[in-house]
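Notes for the one structure printed next.
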Amino acid sequence: MARNIVPRKEDYSQWYLDVIKTAELADYAPVRGCMVIRPNGYALWESIQGHFDEAFKETGHVNAYFPLLIPQSFLEKEAEHVEGFAPECAVVTHAGGEELEEPLIIRPTSETVIGHMYSKWVQSWRDLPILINQWCNVMRWEKRSRLFLRTSEFLWQEGHTAHATSEEAMEETLKMLGVYRDIMENVLGLPILAGEKSEGERFPGADNTYSCEAMMSDGKALQAGTSHFLGQNFARAFDITFQNREGELDYAWTTSWGSSTRLIGAIVMTHSDDDGLVLPPRVAPVKAVIIPISPDQSFVDEKLLPRAREAAERLDTLLSKRSVRVDTDFHLRPGDRFFANLQKGIPLRLELGEKEFGKGLFQAVRRDTGERLDISWDQVEERVPALLEEIQQDLFAKALAFREKNTVRVGDFGEFKEVFRGRGGFVEAFFAGGREEEKTIKEETGATARCFPMDKEERGTCFFTGRPGARLAVFARAY
RNA sequence: CGGGGCGUAGCGCAGCCUGGUUAGCGCGCCUGCUUCGGGAGCAGGAGGUCGGAGGUUCAAAUCCUCUCGCCCCGACCA
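Going by our numbering, the first sequence opens with residue 1, and the numbers climb by one from there.
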């Protein structure tokens, strides 16, 4: 058992912080609420980025970069938007030794600047659609921060598109939600509940918000990505107009969608255990580590290392570059070496000691289950990728089974409250309430409506208002 | 922003109430020897303006005032 990590059952949030610390994903920055993403954490982010970026480009989007500073007046152009973001904005009032004529907001999101630019770029229906994404940092001043889940500055990706018709914009909104879901499930191993947000949880300025909701191993929900149908709200505010085929002037329809470094928190809280980080192979920057081990250093240098390096090279060409590491931390004792690799979440360890060398094999140890199995040298190229794939599938299946086990359907508020008096999890219930009802529910139980899942388009009697024909919603306490 | 707690070595803490040698302990770190297939043992060593400022006093980590910061619990949030 790890002695530098508090067990999950004892103190979940301390466990979360300990896992991040021992895996060296991040550290606290000198500025309150900010974090330093350490090399291991950043490599993970780069891996996540790579998968998303590829998918965005596959679906016709291009990358661009818009400025960090936004004129304060821009934010004020969309009433709901400013109301939603003003409390958490950091404002630059001085620069060059003088007070600025107009304060500049450090972007909490970029709808406004991008809207401003789109109005310049769009004149005709021929200029549409515009499909732009940007990778950047944003700042939302948080009262209470937690590494990766909620920090004042975070890294993310924000897609901003403009379309000629409402239908096309809605199609885009849902398409990107699907892209998120696909990568989150198939690469990050996070079972996703994709659906529409309730009125109270909607993005400020959006007509409709859709989200990907994941369940963490403490039963709480985490919003892993959002996709917004902005209607013509921002087009009106920023005058994004175009002449349509009929020669009439019309407002464009826009969307925006984002996912952030919060995903790293989601990965940690979905797969990790009391020994530390566990990473799904497809997202793990290092997928396997070969550990040559022997008290006899000359045997290591002459026999084990060459064998380890050769296997690593063969696997690298098969998997992806630099995805198989050879552990050369010989200054550490064996136990330390095993633990160091274990706690960093590397999916597969391949141990190569004198015993294995004599038999012409590696002893493979799965990070997720601890299961050991021998792999002979000539089968490495076949069995390692297969094993990694198996781990990927198993992690997803395990997370999905956990979510299902912790999801219950309730029919009235009494049952509802009962669930959240206990361990929580996801609660399915028909719901027809609005902002006020959501507020009451949150006050009494701590739970909020996460989404109306798209896979479950059922109707029934609202558990709270008793109205008929209510949509099925999922409630949970959320991060 | 309200309620509670805490700032002493890289980390975790003791000492403070009742002021008085050179401010301790554990982990970590450094050096050496022995170990080495599952977080080693022994020996030696480095490391502190006790969060900051002011005050009381012959004397302050300790008492007083102010201040800054952090953590936890609530309200707000990707």
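All C-beta atoms in this analysis are idealised placements derived from N, C-alpha and C, irrespective of residue type, glycine included.
Would you kindly report the start and end of the unbroken alpha helix (DSSP H) that includes residue i?
i	result
GLY84	79 to 85
TRP156	Counting along the chain, TRP156 falls outside any alpha helix (DSSP H), though it belongs to the beta strand (DSSP E) covering 153 to 163.
GLN232	Neither: GLN232 is in no alpha helix (DSSP H) and is coded neither H nor E.
ASN341	334 to 343
HIS116	111 to 121
VAL278	Segment: none, VAL278 is in no alpha helix (DSSP H) and carries neither H nor E.
ILE267	262 to 271
CA-CA distance, residue i and residue j?
i	j	result
THR465	ARG477	21 Å
ARG8	GLY96	49 Å
THR328	VAL179	39 Å
ARG3	LEU155	32 Å
ILE290	GLU351	6 Å
GLU172	THR255	7 Å
LEU332	PHE299	17 Å
VAL365	LEU388	11 Å
GLU213	LEU315	35 Å
PRO295	ILE346	24 Å
TYR118	ILE441	40 Å
PRO87	PHE338	47 Å
GLN393	ASP207	37 Å
LYS174	SER227	Note that residue 174 is Leu in the sequence shown, not Lys. Using only the alpha carbons, I get a separation of about 7 Å.
ILE183	ALA55	8 Å
GLY33	TYR210	27 Å
VAL138	GLU381	42 Å
GLY498	ALA26	Because the chain here runs from 1 to 479, residue 498 falls outside it and cannot be looked at.
HIS81	PHE330	56 Å
GLU24	LYS398	25 Å
LYS220	PHE475	10 Å
GLU58	GLU46	18 Å
ASN244	PRO204	28 Å
ALA237	ARG471	32 Å
THR151	TRP141	8 Å
ARG144	LEU342	31 Å
Is residue i near the ligand NAD, judged by its Cβ being under 7 Å from some heavy atom?
i	result
GLN243	The ligand NAD is absent from the structure shown, which contains no ligand whatsoever.
Leaving out five residues on either side along the sequence, give the residues of the same chain with a beta carbon under 7 Å from the beta carbon of residue i.
i	result
THR407	GLY425, PHE426 and GLU428
GLU102	PRO71, GLN72 and SER73
PRO385	LEU318 and LEU319
VAL6	GLN14, TRP15 and ASP18
PRO264	The question names Pro, yet the displayed sequence has Ile at residue 264. Same-chain partners within the cutoff: LEU25, GLY41, LEU44, TRP45 and PHE148.
Starting from residue i, trace the beta strand (DSSP E) both ways and give me its first and last residue.
i	result
GLY195	193 to 196
VAL138	130 to 139
ILE240	Segment: none, ILE240 is in no beta strand (DSSP E) and carries neither H nor E.
TYR180	No beta strand (DSSP E) holds TYR180; the alpha helix (DSSP H) holding it covers 166 to 186.
VAL326	324 to 326
HIS61	Where HIS61 is concerned, there is no enclosing beta strand (DSSP E), given that its DSSP letter is neither H nor E.
VAL6	Looking at the DSSP string, VAL6 is not in any beta strand (DSSP E), and its letter there is neither H nor E.
THR440	No beta strand (DSSP E) holds THR440; the alpha helix (DSSP H) holding it covers 435 to 445.
PHE430	426 to 431
ALA478	Element bounds for ALA478: n/a, residue is neither H nor E.
Could you tell me which of the options sits nearest to residue i, measuring between CA atoms?
i	options	result
PRO39	ARG32, ILE20 and VAL31	ILE20
SER260	GLN157, ARG307 and LEU361	GLN157
PRO468	ILE441, PHE475, GLY433 and ALA447	GLY433
PHE234	PHE357, GLY358, THR112 and SER272	THR112
LYS359	ARG309, LEU304 and ILE391	LEU304
ILE114	HIS51, GLU98, LEU68 and ILE183	LEU68
ASP275	GLY370, ILE48 and CYS89	GLY370
ALA43	SER323, LYS456 and ALA399	SER323
GLU356	ALA308, LEU277, LEU149 and ARG471	ALA308
GLY159	CYS136, TRP141, ARG181 and GLY84	CYS136
LYS321	ALA288, ALA90 and GLY225	ALA288
ALA340	LEU277, ARG372 and GLN379	LEU277
LEU100	THR22, GLN297 and VAL92	VAL92
ARG202	TRP257, LEU75 and ALA164	TRP257
MET176	ALA64, ASP250, GLY60 and GLU313	GLY60
Hey, residue i and residue j are a contact pair by Cβ (cut 8 Å); roughly how many whole angstroms apart?
i	j	result
ARG349	VAL286	Actually they are not in contact, since the Cβ atoms of ARG349 and VAL286 sit about 11 Å apart, beyond 8 Å.
PHE452	GLY200	Between GLY200 and PHE452 the Cβ distance is about 12 Å, and since that is not below 8 Å, they are no contact.
ILE480	VAL62	Because the chain in this structure spans residues 1 to 479, residue 480 falls outside the shown range and cannot be described.
HIS271	LEU395	5 Å
CYS462	PHE413	Going by Cβ atoms, the distance from CYS462 to PHE413 rounds to 10 Å, so no, they are not a contact pair.
MET215	ARG403	4 Å
GLU438	SER110	Not a contact, Cβ separation roughly 28 Å.
Given residue i, which residues of its chain have a CB within under 8 Å of its CB, disregarding the five upstream and five downstream residues?
i	result
SER13	ARG146
VAL122	LEU128, ILE130, ALA162, ILE240, THR241, PHE242 and ALA252
LEU361	ASP374, ILE375, SER376 and TRP377
PRO334	ILE293
ILE267	LEU44, LEU188, GLY189, LEU190, LEU279, PRO280 and VAL283
ALA29	MET35 and VAL36
In chain order, what residues of the same chain lie with their CB nearer than 6 Å to the CB of residue i, ignoring the 5 residues before and after it?
i	result
VAL187	HIS51, ARG282 and VAL283
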